[in-house]
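Residue numbers (my numbering), protein chains in the order written: chain L, 106 to 218; chain C, 1137 to 1271. Heads up: the structure comes next, in structure tokens.
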């Protein structure tokens, strides 16, 4: 339970730090780079390697590659829809989450399983 | 294009907007750990690249741009959507750097100090992302 709490606090802090850096930067296309910062990985991998070992952390990082490819598909789709259609950012970003899940688990099925 | 730092955004952002991002960031980080414990590191690792705070960030950008344009009496909805779309395009570029980060950690963490690998991989993420953006 305490490890989950530590993950929550460290994760919240690291993710917030990267998003604040992104807020401060202009132009927006450059600031967007920080939306794909490895914030969750940085918050979790150090603790994971310390408690579960380097091999466990490496396995997570290997899977993270599939997650990153899914992130590319997700962010590209959100950008395309936002630039073309009159829809709110909240709806597009939430409705595109199944795309991330589909690509990530599709890659897991064909590549990592 | 010149990169600038605009500190005026800090005053525009409300405390609850920071709190929402902290909450989502914390939840997905804790969630990734719980998923890894329950389903193993292969499934848990996928969530290290989950777009955790993307909806909150995109909504915030859209709102701020809309307010900026609305103040002088201009229609801001279109500009807000475009700004969020441009930010998302930047994130798509940054996600290639995220892939490089994961590749380096996967290859190097079993043989080197964890923090050295994480710092080096973060520098590689930033370098790769900035280069793609610049090109």
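Virtual Cβ for every residue (Gly too), placed ideally from N, Cα, C.
When the distance is taken between beta carbons, is residue 148 of chain L closer than 8 Å to residue 119 of chain L? In terms of Cβ geometry, residue 119 of chain L and residue 148 of chain L form a close pair [threshold 8 Å].
Pull up the distance between the alpha-carbon of residue 1139 of chain C and that of residue 1216 of chain C, whole angstroms please. Between the alpha carbons of residue 1139 of chain C and residue 1216 of chain C lies a distance of about 20 Å.
Report all residues from its chain with a CB closer than 8 Å to the CB of residue 179 of chain L; omit the five preceding and five following residues, and keep chain order. Within the same chain, residue 179 of chain L has close Cβ partners 201, 202, 204, 205 and 208.
Name, please, each residue of chain L whose Cβ falls closer than 8 Å to the Cβ of residue 1245 of chain C. Those within 8 Å of residue 1245 of chain C in chain L are 150, 154, 159, 162, 163 and 166.
Between residue 1150 of chain C and chain L, is there a C-beta pair that is closer than 8 Å? Cβ-Cβ to chain L under 8 Å: no for residue 1150 of chain C.
Residue-level contact to chain C via CB, residue 107 of chain L, 8 Å cutoff: Closer than 8 Å: no.
Could you check the C-alpha separation between residue 1285 of chain C and residue 1197 of chain C for me, to the nearest Å? Nothing in the structure corresponds to residue 1285 of chain C, since chain C is present only between 1137 and 1271.
For residue 1141 of chain C, write down the residues that DSSP places opposite it in a beta bridge. Looking at the DSSP assignment, residue 1141 of chain C forms a beta bridge with L:130.
Please classify residue 1155 of chain C as buried or exposed, where buried requires at least 16 other C-beta atoms within 10 Å of its C-beta. Exposed, by the Cβ-count rule.
Any beta carbon of chain C sitting closer than 8 Å to that of residue 214 of chain L? Not one chain C Cβ lies under 8 Å of residue 214 of chain L.
Expressed to the nearest angstrom, what Euclidean distance is found between the alpha-carbon atoms of residue 212 of chain L and residue 1200 of chain C? Cα to Cα, the separation comes out at about 36 Å.
Pairwise C-alpha distance: residue 156 of chain L and residue 177 of chain L: So the alpha carbons of these two residues sit roughly 30 Å apart.
Identify the continuous alpha helix (DSSP H) that holds residue 209 of chain L and give its terminal residues. Residue 209 of chain L -> alpha helix (DSSP H) spans 202 to 212.
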